[in-house]
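When you read off a place in the sequence shown, starting at 1, and then add 3, the result is the number in our numbering. From the three backbone atoms N, C-alpha and C, an ideal C-beta is built for every residue, glycine too. Given the structure is predicted, the values throughout are model-derived calculations rather than measurements. Have a look at the structure below, then the notes.
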Amino acid sequence: MAEEKKIPYKIYLEENEMPKQWYNVRADMKNKPAPLLNPGTHQPMTAEELGGVFCEELVQQELDNDNAYIDIPEEIRDFYKMYRPSPLVRAYCLEEKLQTPAKIYYKFEGNNTSGSHKLNSAIAQAYYAKKQGLKGVTTETGAGQWGTALSMACSYFDLDCKVYMVKVSYEQKPFRREVMRVYGASVTPSPSMETEIGKKINAEHPGTTGSLGCAISEAVEVAVKNPGYRYVLGSVLNQVLLHQSVIGLETKAALDKYNIKPDIIIGCAGGGSNLGGLISPFMGEKLRGEADYRIIAVEPASCPSFTRGRYAYDFADTGMVCPLAKMYTLGSDFIPSANHAGGLRYHGMSPVLSQLYDDGLMEAVSVEQTRVFEAAEQFARVEGILPAPESSHAIRAAIDEALKCKETGEEKTIVFGLTGTGYFDMVAYEKYHDGKMDDYIPSDEELAKYAAKLPKID
Ligand SMILES: *Cc1c(COP(=O)(O)O)cnc(C)c1O
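Here it is, written out as structure tokens:
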């Protein structure tokens with residue numbers, strides 16, 4: 004026990020110990036993620052085609068399945084230094100509360116104004132857009148975390164930022180909207196009447212409150228039609244997982260300082276970027292046969308892409324203008340019930356994680372909303388941090404694993420990603436406290452209906 008306490012509550016890295024390169028897990032994958040396909044021809048997207056939508060250097064990163072390490076430009080490292088390294092915290096208080104022999108660590112990404120890990124990729128994407136001499140970027144945001152992160156990154160590099168925000172969030176989350184405007188972004192509720200796809204969706208579904216898939220279509224349309232603009236996306240894509248590898252690299256460096264080997268690594272999964280980033284260096288060791296870890300993705304029972312989806316090519320957006328991606332998906336027009344983890348409501352999953360999951364290299368579990376909030380509150384009361392509902396999915400799974408250790412007496416080491424804070428989610432907490440939260444789980448029939456509409460690709 005005395006030796007045990009040598010591990011501090013927070014393991015920090017010195018500035019000079021921070022990663023200077025991102026790690027690209029695709030380089031070590033035997034089965035590479037399937038390529039993005041042109042939605043018209045069903046042929047793999049070329050760099051040239053992708054370049055019409057995305058920034059040049061990001062296209063290179065998207066298509067790079069071979070280089071294991073990619074330098075983090077100095078400008079990005081300088082920005083990272085403002086809020087990184089993020090702490091790796093030993094959850095001594097939670098362990099005590101649970102009376103578990105398990106050792107629990109969490110990597111906390113909520114220590115920046117955007118309140119989540121999304122800033123790690125936003126700053127990289129804004130940097131490459133600036134370097135290319137672009138005027139600005141367009142994007143969509145659902146709950147608002149990505150739009151907030153991107154608006155911060157764009158203001159830092161003096162780029163214009165146009166955000167299409169799902170209408171229901173635009174109306175229900177005015178504070179997120181205002182944070183984006185503090186950083187100079189223009190925020191438009193989607194579907195809008197500014198784009199062809201927006202007009203079409205408004206005509207077909209009068210009064211619609213929008214969806215992420217629809218906002219993506221609008222943002223892509225605006226990027227393609229306006230010279231000097233490109234589209235950027237905050238999750239799912241290979242390049243985003245690459246940028247988020249900074250989370251895993253820091254975690255590994257911190258654990259290595261104390262010779263700690265995790266047994267289980269857990270993260271919530273919406274589009275897969277934080278989990279992909281957290282596990283990358285560990286998965287690399289696993290792929291190279293150097294170590295073994297249990298890796299668990301946690302998703303909402305209301306939007307169970309991994310646990311109940313199909314591994315197939317699908318559209319990334321409702322308007323079907325984006326490339327097709329092979330991923331675990333519920334179908335591009337699956338509309339998840341209104342759960343309170345907006346960042347986990349996407350129908351698909353990162354192609355990298357989808358391939359790793361299909362190869363049996365990681366596991367997935369789904370959890371119901373009220374159990375997630377129960378864990379969130381338990382955590383907040385002992386560890387002090389008010390967690391985001393998305394992050395709390397990982398907390399739930401970590402607590403469940405720690406409780407299993409309590410039964411078996413095993414002293415497993417559990418590491419989980421705590422992706423952000425929940426200050427903008429108090430309506431959700433209110434519903435939980437008032438007993439008004441429901442645990443909607445889609446039926447097999449419902450899921451089959453959407454799966455039947457997946458595009459047929461041979
Ligand atoms: C967006 C978001 C997520 C989910 O996105 P991933 O790409 O799956 O990481 C999780 N937590 C928070 C706080 C988020 O903002």
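query                                                                                                     : result
Span separating the alpha-carbon of ASP361 from that of GLY412                                            : 31 Å
Cβ pair LYS33, LEU91 closer than 9 Å                                                                      : no
Same chain, Cβ closer than 6 Å to TRP149, neighbours up to 5 away in sequence not counted                 : LYS121 and GLY237
Three-state class that DSSP yields for GLY251 in the structure shown                                      : helix
Among ALA132, VAL225, SER117 and ALA156, nearest to ALA146 - alpha-carbon criterion                       : SER117
Neighbourhood of GLU371 by C-beta, 6 Å cutoff - its chain only, sequence neighbours within 5 removed      : ALA304 and ASP442
Simplified DSSP assignment, three categories, for THR151                                                  : helix
Buried or exposed by the 16-neighbour rule on C-beta atoms within 10 Å, applied to PHE178                 : exposed
Distance between beta carbons of ALA319 and GLY280, contact taken as under 8 Å                            : Not really, about 19 Å apart at Cβ, beyond 8 Å.
LYS176 CB to nearest heavy atom of ligand 1 below 8 Å                                                     : no
Three-way DSSP call (helix, strand, coil) for MET4 in this model                                          : At MET4, the pLDDT of 44 sits below 50, so the modelled position is not reliable; the number obtained from the coordinates is stated separately. It is coil, neither helix nor strand.
Inter-residue spacing [alpha-carbon to alpha-carbon] between GLU433 and TYR173                            : 19 Å
Three-pair Cβ contact test at 8 Å for the segment 189 to 201 versus the segment 220 to 233                : yes
Given GLY187 as reference, the closest of LEU252, LYS165, PRO445 and GLU199 once Cα atoms are compared    : LYS165
Classification of GLY317 by the beta-carbon crowding that lies within 10 angstroms, buried from 16 upward : According to the sequence provided, residue 317 is Asp. The question's Gly does not apply to it. With 16 or more other Cβ atoms within 10 Å, it is buried.
Through-space distance from THR141 to GLY54, alpha-carbon basis                                           : 14 Å
PHE159 - DSSP class collapsed to helix/strand/coil                                                        : The sequence shown places Tyr at residue 159, not Phe. TYR159: helix per DSSP, three-state reduction.
Three-pair Cβ contact test at 8 Å for the segment 415 to 425 versus the segment 246 to 266                : yes
Beta-bridge pairing of GLN24 - partner residues as DSSP gives them                                        : ASP74
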